[in-house]
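Chemist: Dropping a structure here in structure tokens format, bear with me for questions.
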Amino acid sequence: MINLTLKDGSVKQVAKGTTLEELARAISQGLARNAVAGKVNGELKDLSFPLQEDAQVEILTLDSEEGLEIMRHSTSHLLAQAVKNLFPGTLLGIGPAIANGFYYDFDSEHVFTPEDLEKIEQEMKRLAKEDYQFTCRTVSREEALNYFQEKGEKYKVELVNDLPEEARISMYTQGNFTDLCAGPHVPSTKMIKAFKLQSVAGAYWRGNEKNKMLQRIYGLAFAKAADLEDYLFKLEEAKRRDHRKLGLELDLFSLHDEGPGFPFFHPKGMVLRNILEDFWRKEHQKRGYVEIKTPIILHRSLWEQSGHWDHYKENMYFTKIDDQDYCVKPMNCPGGMIMYKTKLRSYRDLPIRCGELGLVHRHELSGALHGLLRVRNFTQDDAHIFMLPSQIKEEIIGVIDLVDYFYKVFGFEYHVELSTRPENSMGSDEAWEMATNALEDALKAKGMDYKINPGDGAFYGPKIDFHLKDCLGRTWQCGTIQLDFQMPEKFDLTYIGEDGEKHRPVMIHRVVYGSIERFIALLTEHYAGAFPTWLAPVQVRILPITDKQNEYAKQVRDLLSEQDIRVEIDDRREKINYKIREAQTEKVPFALVIGDKEVQEQTVAVRRYGEQKTETMPFGDFVALIKDEILSKKIRQI
RNA sequence: GCCGAUGUGGCUCAGGGGUAGAGCAGCUCACUCGUAAUGAGCAGGUCGUCGGUUCGAAUCCGACCAUCGGCUCCA
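All residue numbers for the first sequence refer to numbering that gives the first Met the number 0, where the first residue is 0 and numbers rise by one.
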């Protein structure tokens, strides 16, 4: 007999060799019915796994994320089986579970169409009902190679060959379909109930653009139909938050064929930009930053010196002036270098925190452009901090705190990544290690959770990245802190130390918003276009009921305007319902309805965005209310 | 850049080898109105661009451009 410690802490004694499925049945029929897999000492196992010794055991159902993930993975096998049945000769790539679903990559002469997806989905449903068991078989490397070679599955052969020496190689079979897979899987295809094929997309084999592009079929899978419906509904809802749609509706910005990736900001979008910039300047001044502005076009020699010419050329735009090569800046740092060198610096001057709202241009691949989230010109809220080596940690922490402060003001949740040395980079291993450690130390000192993003650093240094989510949950890098030992070297930056000798400063590149454009996009999606009052392009719209109240309305407007409140009057000869509807559609935080009664009593009838009720109050009270809301940057949940 | 899809008035979309339609928005007129759309009328499009097929192309074909979803890349 062996002792199994269950999830609730209780211990169950069973015969050696009892499978997880038998264990589940011994616990309860319900559990046995819903079990998809198990976890033995933290390792995921099939239900058919026989227990040989004392262990911590957990039976997984679709109620857990892990259970769902296993089922999603199994669904990808089901997809592959259906595709193989309908399109014989299709070769298999990989097919993992992903958030909310799964995908499978295929190599096929046939190009999958949306109509094919429907057929495949039907076939999947048919196969699921067949109640095929997922059976696992451990095989030798030779056997696996022979099997896949014989079938011409060259991608699988490649995968097998790349498996480490000691790897246990297993194959899973359901019905007429067998795939290389580490598992585990649900016991039977009938556990797969609520799924939907979503789209086909090209995807390079192993994510490398030098490899062949395969066809990736994406699908959704949930525990039950209602969950799938819920998710599809949420997707539709999320699309209403899309900044591209809202940007047009709210008249914030536009994009045109004449300038793909070069956004046009409209008056209302400019209000947002300017508020973000004003807030930025104020907070940076408080923290000892100065601000500069450097040119957008600079001579080729500067970019050769900085290393951009060698390491960043594919992303840069060029021009000729008087027969000389010039570059449109993709980054602000070289300009900052020139500024630093305009005079002799003393250790007493450091750190120098030098900010710049700099417009940079980068040639992004046409297929990568995406609203304001990925553009070809954008304004970085950049700063370069020049400092003594002894100031590194404190300065990094200062920036981490600053970013955290900013994101909290907007109500953003974020996650942090540490990006390490990329392939095409410059500098010595020691310098990279030093810089990476310094960043990691600062993160640890702050007790922050972070994930490592190997090889994703800038070519001159590692970085801490701050990521925010868009309406569909895709994450975008915004803030970043990059520690750089290379530029000071390349530009021979120096300061005079206490000892009277020249020394090399260290520098940080950092942004908080990241790019104003991207940040505006994320703000728009975050608030679903209903900006908090302090950010709203129009804060108050006054709605006189008839033109008899126009005069009082104008008085109200002028008084608000004097208080720097962004206010408009809608004095069109429309019904009040119509005006209210428009104010709501345009997501103006406050609509002030003014009729005879309000004129009489010198009050305003306040209707807030998203609320049905109105509150009539003395005008002075309203001013106090809105001013407080603006000053405190209040975020209201709607 | 690559794979797939899409491209019809400012917006949303219908239509489809015989030469273009709706709703909203806009403009004009009437209505002076109390918390999410008053009514009537008018105007607006070389159907993404360029080629080809055809007696005839917005419709079929090709190339290109842009957009969308991915891949790759990145603030």
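All residues carry an ideal CB built from backbone N, CA and C; glycine is no exception. It should be emphasised that the depicted structure is a prediction, and the values quoted were computed from it without experimental measurement.
1. Just curious, the beta strand (DSSP E) that residue 475 is in, first and last residue?
2. Pull up the CB-CB distance for residue 538 and residue 566, whole angstroms please, since I reckon it's below 8 Å.
3. Are the CB atoms of residue 462 and residue 480 nearer to each other than 9 Å?
4. Would you list, in sequence order, the uninterrupted beta strand (DSSP E) runs of no fewer than 3 residues that lie entirely inside the stretch 168-214?
5. With a threshold of 16 other CB atoms inside 10 Å of the CB of residue 113, please say whether the residue is buried or exposed.
6. Checking 9 Å against the spacing of the C-beta atoms, do residue 21 and residue 186 come in under that value?
7. With C-beta atoms as the reference, is residue 308 less than 9 Å away from residue 326?
8. Count the C-beta pairs between the stretch 158-178 and the stretch 75-94 that are closer than 8 Å, then say yes if the count reaches three, no if not.
9. If you count every other CB in all the chains shown that lies within 10 Å of the CB of residue 103, and 16 or more means buried, which is it?
10. Give the C-beta separation of residue 18 and residue 49 to the nearest angstrom, bearing in mind that I take them to be a contact with Cβ-Cβ under 8 Å.
11. Would residue 339 and residue 383 be called neighbours here (beta carbons separated by less than 9 Å)?
12. Around the C-beta of residue 232, are 16 or more other C-beta atoms found within 10 angstroms, so that it is buried, or is it exposed?
13. Using 8 Å as the threshold, is the stretch 483-502 in touch with the stretch 413-430, meaning 3 or more CB pairs across them?
14. Grab the span of the alpha helix (DSSP H) containing residue 332 for me, first residue to last.
15. Return the first residue and the last residue of the alpha helix (DSSP H) that residue 161 is part of.
16. Determine the contact status of residue 196 and residue 276, defining contact as a CB-CB distance below 9 Å.
17. Can you tell which of 282, 79 and 127 has the C-alpha that lies nearest to the C-alpha of residue 663?
18. Residues in its own chain within less than 8 Å of residue 162 by CB, not counting five upstream and five downstream?
19. Between 117, 106 and 599, which lies nearest to residue 205 when the distance is taken from Cα to Cα?
20. Just to confirm my understanding: we take residue 200, look at its own chain, exclude 5 residues before and 5 after, and list those with CB closer than 6 Å. What are they?
21. Classify residue 55 as helix, strand or coil using the three-state DSSP reduction.
22. Which value, in whole angstroms, describes the spacing of the CA atoms of residue 100 and residue 77?
23. Can you give me the C-alpha to C-alpha distance between residue 643 and residue 272, rounded to a whole angstrom?
24. Counting beta carbon pairs with one atom in the stretch 387-397 and one in the stretch 361-378, are three or more of them shorter than 8 Å?
25. Could you tell me the alpha carbon to alpha carbon distance between residue 188 and residue 66, rounded to whole angstroms?
26. Can you check whether the CB of residue 531 is closer than 9 Å to the CB of residue 635?
27. Distance check for residue 447 and residue 510, CA to CA, integer angstroms please.
28. Are residue 591 and residue 555 close, meaning C-beta to C-beta below 9 Å?
29. If you draw a straight line from the C-alpha of residue 258 to the C-alpha of residue 252, how long is it?
30. Just to confirm my understanding: we take residue 353, look at its own chain, exclude 5 residues before and 5 after, and list those with CB closer than 8 Å. What are they?
31. Could you tell me which of 54, 191 and 348 sits nearest to residue 697, measuring between CA atoms?
32. Would you mind reading off the limits of the beta strand (DSSP E) that contains residue 106?
33. I'd like to know if the stretch 572-580 and the stretch 533-550 are in contact, where contact means that at least 3 CB-CB pairs between them fall below 8 Å.
34. Could you spell out the range, first to last residue, of the alpha helix (DSSP H) harbouring residue 229?
35. Would residue 151 be called buried (16 or more neighbouring beta carbons within 10 Å of its own) or exposed?
36. Mind checking who residue 354 pairs with in its DSSP beta bridge?
Modeler: Checking against the coordinates, here is how it stands:
1. 474-483
2. 7 Å
3. yes
4. Whole beta strand (DSSP E) segments, 3+ residues: 168-173, 176-179 and 193-203.
5. Counting other Cβ atoms within 10 Å of its Cβ, residue 113 stays below 16 and is therefore classed as exposed.
6. no
7. Cβ distance < 9 Å, so residue 308 and residue 326 count as in contact.
8. Yes: the two stretches touch, three or more of their Cβ pairs being nearer than 8 Å.
9. So residue 103 counts as buried.
10. 5 Å
11. yes
12. Exposed, since its Cβ has fewer than 16 Cβ neighbours within 10 Å.
13. Segments in contact, yes.
14. 332-339 is the extent of the alpha helix (DSSP H) around residue 332.
15. 153-161
16. no
17. With the chain running from 0 to 637 in the structure shown, residue 663 is simply not present.
18. 140 and 168
19. 106
20. 215
21. strand
22. 13 Å
23. Nothing in the structure corresponds to residue 643, since the chain is present only between 0 and 637.
24. Proximity of the stretch 361-378 to the stretch 387-397 falls short of the contact definition, fewer than three beta-carbon pairs being nearer than 8 Å.
25. Going from the Cα of residue 188 to the Cα of residue 66 covers about 14 Å.
26. Yes, these two residues count as a Cβ contact at 9 Å.
27. 18 Å
28. yes
29. 13 Å
30. 288, 289, 290, 291, 335, 338, 339, 382, 383, 384 and 385
31. Lying before the first or after the last residue shown, residue 697 is absent from the chain, which here runs from 0 to 637.
32. 100-106
33. yes
34. 224-239
35. exposed
36. 290 and 382
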